[in-house]
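Okay, structure first, notes after.
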Amino acid sequence: MIAFISLWVLCIINVMAYCISLNKYKFIKSYNLYNKRKHQQNVLYGIPRMYKWLTSYYPTVREELINNEKQKSVDIFYIDMNGVIHHCTHANKEKLPIYDEHELFSNILQYLKNLFYLIKPKKLIYIGVDGVSPKAKMNQQRKRRFLSIFKINDNDNTSNLFNPNCITTGTDFMYKINLSLNKWFKILKKKKVFEFDVIFSGSDVAGEGEHKILKYIRENCKRDSNFKNYNHCIYGLDADLIMLSLVTHLNNIFILRDKFKISNDLHNNMLENIERTQNTFNNDEYNSFNEPQNDNINYNEEGENIQLNEKSKTNESLVKEENNV
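Reading the sequence shown from the start, the letters are residues -17 to -1, 1 to 308 in mature numbering (1 follows the signal peptide of the UniProt record, and there is no 0).
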């Protein structure tokens, strides 16, 4: 009997020792992963080096847009808005402090102006902002943001600069982005600055921006048989847009990307690139777009939230007023 009990005790001790060693191994593994990624300068997203490989082996798939005399006409223009937000908010790390949100919003709207006049769509612009992600993607985003905090804390020079973790669904920053874009589109529509319609899917609509775009394409392909004959253009920085565009089975679909690589050395050239692009257009036509602060958009006393006269219509709202507005 004593031998039987001692055998059970020995088994329990071995199991406990195994569990302790297993947890210790997992801790060491996760710690090594943190140390490995902590000092990485650039975190890869999407499909690493996909675009570089594609343009290296098939250089004819890439065309210059601004200097191209035979620019293709576009009927429907899609914008993955998170790419624009990341681009504009990271652009001047040495110049944009965290409290200067007005300048951040101004950069975003200015960049959208350039895209509108660069492409000049005939029928529609669809703008999708990343909303709540699927559960599998949430775990990846949580890990990515957790590791980025350590990187920010290690660099004392970035303490007063914009935190890219603000570009997350549910934050005050994204809420202000939704309000400002909705108000801006309504102003432009009332002034009849452009003839095409605008569909804005904000961060309060579930799903990533690129998947919202693909969903819209699939649904309209079923409704309208002539939809496939339109010329489609998608603006986005993720390489997986190439694969997603292929599965749409559209013959006339193009992807618009920035010419320069978005890196720390070239981020500070963003405003110069905007001014250079602006000079390619007629100044009177280009300046018909007005900044929100020039259109009586009121901020609260603290200068934080943009106030709307009516409830924001961000849920897949078509920025199209009734009665021919």
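All C-beta atoms, glycine included, are put in the ideal place defined by N, C-alpha and C.
It should be emphasised that the depicted structure is a prediction, and the values quoted were computed from it without experimental measurement.
Which residue wins for smallest C-alpha separation from residue 200, given the options 187, 71, 69, 182? Here residue 200 is taken as the residue at index 217 of the sequence shown, counted from 1. Residue 182 is the option with its Cα nearest to residue 200.
Could you tell me if residue 262 is buried or exposed, where buried requires 16 or more neighbouring beta carbons within 10 angstroms of its beta carbon? Residue numbering aside, residue 262 sits at position 279 when the sequence shown is read from its first letter. Any reading at residue 262 must be qualified, since the residue scores a pLDDT of 49, below 50, and its modelled position is unreliable; no value is offered.
What do you reckon, are the CB atoms on residue 102 and residue 168 nearer than 7 Å? On the sequence shown, residue 102 is found 119 positions in, with the first residue counted as 1. On the sequence shown, residue 168 is found 185 positions in, with the first residue counted as 1. Cβ atoms of residue 102 and residue 168: not closer than 7 Å.
In the DSSP output, what is residue 311 paired with across the bridge? One cannot answer for residue 311 here, as it falls past the ends of the chain, which runs -17 to 308.
Exposed or buried, what is residue 5 when buried is set at 16 or more other beta-carbons lying within 10 Å of its beta-carbon? The sequence position of residue 5 within the sequence shown is 22, counting from 1. The predicted position of residue 5 is uncertain, since its pLDDT is 48 and thus under 50; a value taken from the coordinates is nonetheless stated next. Looking at its Cβ environment, which holds fewer than 16 other Cβ atoms inside 10 Å, residue 5 is exposed.
Run through the DSSP bridge pairs and tell me what residue 216 is partnered with. If you number the sequence shown from 1, residue 216 lands on position 233. In the DSSP output, where bridge partners are listed per residue, residue 216 has 60, 237.
How far does the alpha helix (DSSP H) with residue 172 in it extend, from its first residue to its last? Residue numbering aside, residue 172 sits at position 189 when the sequence shown is read from its first letter. Run containing residue 172: 155 to 173, per the alpha helix (DSSP H) assignment.
Assuming the contact rule is C-beta atoms closer than 8 Å, residue 64 and residue 115 should be a hit. Round their C-beta distance to whole Å, please. Your numbering for residue 64 matches position 81 in the sequence shown. Your numbering for residue 115 matches position 132 in the sequence shown. The Cβ separation is near 15 Å, so there is no contact.
Three-way DSSP call (helix, strand, coil) for residue 223 in this model: Within the sequence shown, residue 223 is the residue found at index 240, counting from 1. In this structure, residue 223 counts as helix in the three-state DSSP scheme.
For my contact list, residue 214 and residue 56 are in at a C-beta cut-off of 8 Å; report their separation, rounded to the angstrom. Within the sequence shown, the letter at position 231 stands for residue 214. Within the sequence shown, the letter at position 73 stands for residue 56. The pair is a contact, with the Cβ atoms about 6 Å apart (cut-off 8 Å).
Could you give the residue range of the alpha helix (DSSP H) that holds residue 54? As a first step, residue 54 is located in the sequence shown; it is residue number 71 there, counting from the start. Looking at the DSSP string, residue 54 is not in any alpha helix (DSSP H), and its letter there is neither H nor E.
Could you check what DSSP says for residue 202 in three-state terms: helix, strand or coil? For the purposes of this step, residue 202 is taken as the residue at position 219 of the sequence shown. Helix, per DSSP.
Would you kindly work out how many angstroms separate the C-alpha atoms of residue 216 and residue 237, rounded to a whole number? Within the sequence shown, residue 216 is the residue found at index 233, counting from 1. Within the sequence shown, residue 237 is the residue found at index 254, counting from 1. One C-alpha to the other measures close to 5 Å.
Just the C-alpha distance for residue 170 and residue 179, rounded to the nearest angstrom, thanks. For the purposes of this step, residue 170 is taken as the residue at position 187 of the sequence shown. For the purposes of this step, residue 179 is taken as the residue at position 196 of the sequence shown. For residue 170 and residue 179, the distance between alpha carbons rounds to 14 Å.
Residue 232 (DSSP reduced to helix, strand or coil): On the sequence shown, residue 232 is found 249 positions in, with the first residue counted as 1. Residue 232: coil per DSSP, three-state reduction.
Output yes or no for whether 7 Å exceeds the beta carbon distance between residue 231 and residue 186. The sequence position of residue 231 within the sequence shown is 248, counting from 1. The sequence position of residue 186 within the sequence shown is 203, counting from 1. No, they are not a contact pair.
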